[in-house]
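Let me begin by presenting the structure, written as structure tokens, before commenting on it.
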Ligand code: ADP
Ligand code: MG
């Protein structure tokens, strides 16, 4: 037991189970990147200052006249300690146990999995997963947190060696900050180099120069504080005065991500509303892009005072963009709800969305490779806008990129597609399914390939939805290749495919009988223009949802929409020709079995299991027995 733990009034707590594992993992696998502990603690201190600035909007008594926010780093070589102090919002007893005893519930386990998977790259993940505080244990064997919540009279002292327990005890007011937090690290034997002032200064410069709050360094307990970082709102500076590195650091601080932004957009708007925006498209896809609980990612300021740290400013399909918005036209002393309803804000939102899309569109035209990287990460989100935001559909369609039967890397734009349309081709064809490779093997595509007609292969879940509502592009309608009679007969076959087509016989007998056999399960049996190698495939009738959409709806319990498919057959296929001969003979049992198997096989190719598995098996073995002469 430590000395303090025997004192009166001292409570002991056990970390939540995951925390102990996490601490161990951090100390042992991310050890080589220890410098980042400072970045994390400075970022927490700056957050605390912003929080207090925000609370003081509604409760000015929390701040004293003339108070300026600052972060102070104090080195004490004799004690072997480094302290980071802020005059921010501080923590109550409750805050301490919940914030420093349980790690942001969001991500602990996910974090552990990711670190294990990424071998060494863990430092990048710490901020992203909201577990920054614990990085202190990479350099310290004892961490003490002295803190007082702004407005509270009592203060607290938290301490832990990071091995599984922490203690909290009351702290005499004379030893506590007036408001704010002092984090004292007793550096471990490997980490005494952090007592060197020039090293600390270099780390702050490298990792934290974009922090809003100024940082002061006290080189030894007797020295005067010296400012090593000015703080300040980057977005208020003229673009010409900001370096790329400064933007990048600011982004990393804002996003809690440590990649390089793919696109930085900084502008000032004047007009109906006056505002400044600094927005970033991340260089990598955040782990929670498709998490429905993902919060808004905009920080809203009015004249550099924070109004809201996570407002939903952008429509869902732009949720990957991180941004800061500062507008003097927004009232300060209002609740979030009122801000959300504000007319000025509505106008600002609209302006921002237009500008962001405009910039993305510009990138798609001028810098192909850069844009493709963005599309790869966020295209699936952007495509949601195709049905959520009809007003912007055209802009989004123009930048959209696809995998197609002509281009497998996903670089195809609709403009490329239209330019390569075949004579007499009237529609933009697509096929929706799971996984581009799997869709590419669908029999429905054969006739399109034989005619050199390109088909877009759509494999994102949102695809089945937007294609239904998109009217078309450049006057050409979108059309599913699994839907309706493929009207591609008017497009000439490529030379290589001509021979096959000529052997097509008339299979009238087969058609008539097959329709009867399958009466209950298909709408129709038809000669196909879309097949050249396979014997049969299923398609959706002309009007009504595409096959894939029906599957998605059925998977969500909306099977009321099930519509009988059409069986299309390839009249040139030897199997179909043989079945036609069989139809003319009198072995109706074998014929029926074979037609049912043909139907089930077509379904299987679309990922649909035969409805009656035992009947399917029985038919299959009857036909097999016959074939092998059993
Ligand atoms: P995150 O900053 O992503 O929330 P951290 O592990 O860095 O995750 O910090 C956990 C929480 O501890 C913070 O959200 C905050 O509530 C609290 N905290 C940490 N440092 C401070 C500080 N200097 N002042 C006030 N609260 C703090
Ligand atoms: Mg943090």
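Numbering (this note's numbering), first residue to last: 467 to 1096.
Glycine is no exception: its CB is placed at the ideal position from the N, C-alpha and C atoms.
- According to the DSSP assignment, residue 563 belongs to no beta strand (DSSP E) but to the alpha helix (DSSP H) extending over 559-567.
- Of the heavy atoms belonging to the ligand ADP, at least one sits nearer than 7 Å to the Cβ of residue 598.
- Distances from the CB of residue 776 to the heavy atoms of the ligand ADP are all 7 Å or more.
- Measuring C-alpha to C-alpha distances from residue 554 to each of 749, 529 and 874 identifies 529 as the nearest.
- Using a cutoff of 7 Å, the CB of residue 510 counts as near the ligand ADP, since one of the ligand's heavy atoms is closer than that.
- With a cutoff of 8 Å on beta-carbon distance, residue 744 and residue 701 are scored as near each other.
- The residue from 1066, 945, 850 and 1082 with its alpha-carbon nearest to that of residue 895 is 945.
- Fully contained in the region 859-924 are the following alpha helix (DSSP H) runs of length 4 or more, in chain order: 859-865, 880-885, 902-906 and 912-916.
- Nearest in C-alpha terms to residue 910, of all of 822, 1059, 813 and 1069, is 1069.
- Counting the other Cβ atoms within 10 Å of the Cβ of residue 664 gives fewer than 16, which makes it exposed.
- Remark: three or more beta-carbon pairs, one from each stretch, lie closer than 8 Å, so the region 539-549 and the region 676-695 are flagged as touching.
- Between residue 928 and residue 857, the C-beta gap is not smaller than 8 Å, which leaves the two residues out of contact.
- In this structure, DSSP gives residue 929 a helical state, which the three-state scheme calls helix.
- DSSP, reduced to helix, strand and coil, places residue 1008 outside both helices and strands of the structure shown, so it counts as coil.
- Look at the beta carbons and you see the region 831-847 touching the region 720-732: at least three pairs across the two are nearer than 8 Å.
- Here the alpha carbons of residue 533 and residue 548 stand approximately 24 Å from one another.
- By the 16-neighbour rule on beta-carbons within 10 angstroms, residue 908 is buried.
- For residue 506, the Cβ falls inside the 7 Å cut-off from some heavy atom of the ligand MG.
- At a threshold of 7 Å, residue 565 counts as near the ligand ADP, since its beta carbon sits closer than that to one of the ligand's heavy atoms.
- Excluding the 5 residues flanking it on each side, residue 1059 has same chain C-beta neighbours closer than 7 Å at 1085, 1088 and 1089, in chain order.
- By the neighbour-count criterion, in which a residue is buried when 16 or more other Cβ atoms sit within 10 angstroms of its Cβ, residue 889 is exposed.
- Residue 773 and residue 634 have their C-alpha atoms spaced approximately 32 Å apart.
- If you check the CB distance, residue 956 and residue 1014 do not come in under 8 Å.
- Linking residue 710 to residue 704 through their CA atoms gives a straight-line distance of about 13 Å.
- With respect to residue 695, residue 675 sits close: the two C-beta atoms are nearer than 8 Å.
- Residue range 631-637 is occupied by the beta strand (DSSP E) that includes residue 631, with no alpha helix (DSSP H) assigned at that position.
- With at least 16 other beta carbons inside 10 angstroms of its own, residue 715 counts as buried.
- Going by DSSP, residue 713 is part of no beta strand (DSSP E) but of the alpha helix (DSSP H) stretching over 710-721.
- The region 937-944 makes no contact with the region 983-1002; the number of CB pairs closer than 8 Å stays below 3.
- For residue 479, the uninterrupted beta strand (DSSP E) segment begins and ends at 477-480.
- The DSSP-derived three-state label of residue 777 is strand.
- Per DSSP, residue 983 is one residue of the alpha helix (DSSP H) stretching across 974-983.
- A distance criterion of 7 Å places the beta-carbon of residue 941 beyond contact range of the ligand ADP, judged by its closest non-hydrogen atom.
- The closest CA to that of residue 724, considering only 990, 504, 737 and 749, is found on 749.
- Assigned with DSSP and collapsed to three states, residue 837 falls in helix.
- Between the alpha carbons of residue 883 and residue 920 lies a distance of about 7 Å.
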